[in-house]
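Residue numbers (our numbering): 156 to 504.
Listed below in structure tokens is the structure:
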């Protein structure tokens, strides 16, 4: 039976049909697969097909540098709305809505409060976006190299895989950063509450131990893995389905996308990718902000207690400022990253 199957595969290869399973290119190139329809097929090719054009350390570093610049720019523009989000997520019966929250922060604490604790995400978010874009970009480079086609268009399955890897990898940096940020934002007005990122790191370690910096990492990973996968699919889909507005043509003779288009696509990606995972973010914030480390036994316990006490809509409390912040945050991230990669493209060609 095995010999017969091998003979059938050899006949298919000779006839020019892509195989369902192929040791070099895999099933992703089978046009009958719904996930790869309308995607350019690439036939089997050795892994070493790109040995002459290998980007190496420089290409790897450029992905990370672009993500860093984009991440830091995005956080500067969107952080005030993130402060509002955390206040609404972690407070019970204090704010009537986003407008009321903003008004009370301004009148009771001043405008500086909107940027309180920005040091933690600003120092870490560049690294976080560098990791996500670096991991994502290098995953796609690997898929292209494996396909043996420098113009390989990634399939949706490859994008989903790369997005999950990027999100899970970033969770190990994101969780401690979020823990510090949420603690600063949630402890406002309390006696001896830390007001800077460094002071908060010290407070958490001295009070709860180093391990506590990673409180909520499970929720962070469950939020960022699927969220990043959807994030990149939407952006990639937008670029494929909407033509560029630029007068400059790409290598295929098509108009390139303009920075404003990248901003729009990135903003849309951020907004849409937040919606299905937002309840996980609420649980993450509550777990991280809890003064009593034993208040919640885990995500499920936090969800049950929160919904029982405040109703199911508590899982989307603070969603509006997140969606509003997603446009400048993720739009800037993608725009800066794309512009950086385009500007440095000649370095690896």
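Glycine included, each C-beta is placed from N, C-alpha and C at the ideal position.
None of these values were measured; they are calculated from a predicted model.
Taking Cβ positions, are residue i and residue j nearer each other than 7 angstroms?
| i | j | result |
| --- | --- | --- |
| residue 317 | residue 358 | no |
| residue 420 | residue 386 | no |
| residue 381 | residue 459 | no |
| residue 490 | residue 417 | yes |
| residue 437 | residue 244 | yes |
| residue 338 | residue 355 | yes |
| residue 283 | residue 325 | yes |
| residue 275 | residue 336 | yes |
| residue 430 | residue 229 | no |
| residue 334 | residue 443 | yes |
| residue 503 | residue 213 | yes |
| residue 236 | residue 479 | yes |
| residue 218 | residue 288 | yes |
| residue 422 | residue 473 | no |
| residue 488 | residue 322 | no |
For residue i, report the span of its alpha helix (DSSP H) as first-last.
| i | result |
| --- | --- |
| residue 441 | 414-444 |
| residue 484 | 474-498 |
| residue 323 | 311-341 |
| residue 271 | Where residue 271 is concerned, there is no enclosing alpha helix (DSSP H), given that its DSSP letter is neither H nor E. |
| residue 396 | 372-396 |
| residue 363 | 352-363 |
| residue 461 | 454-465 |
For residue i, which three-state DSSP category applies?
| i | result |
| --- | --- |
| residue 410 | strand |
| residue 503 | coil |
| residue 204 | Interpretation of residue 204 is limited by its pLDDT of 26, a score under 50 that renders its predicted location unreliable; the figure taken from the coordinates is listed afterwards. Residue state, collapsed to three classes: helix. |
| residue 173 | Here the model assigns residue 173 a pLDDT of 35, short of 50, so the residue's position is not dependable, and the following value carries that caveat. Correct three-state label for residue 173: coil. |
What distance in whole Å lies between the Cβ atoms of residue j and residue i, which are believed to be in contact at a cut-off of 8 angstroms?
| i | j | result |
| --- | --- | --- |
| residue 427 | residue 311 | The pair is not a contact, with the Cβ atoms about 15 angstroms apart (cut-off 8 angstroms). |
| residue 399 | residue 407 | Wrong, their Cβ atoms sit about 11 angstroms apart, outside the cutoff. |
Worksheet entry | Length at least 3, wholly inside the stretch 213-276: the beta strand (DSSP E) runs in chain order | none
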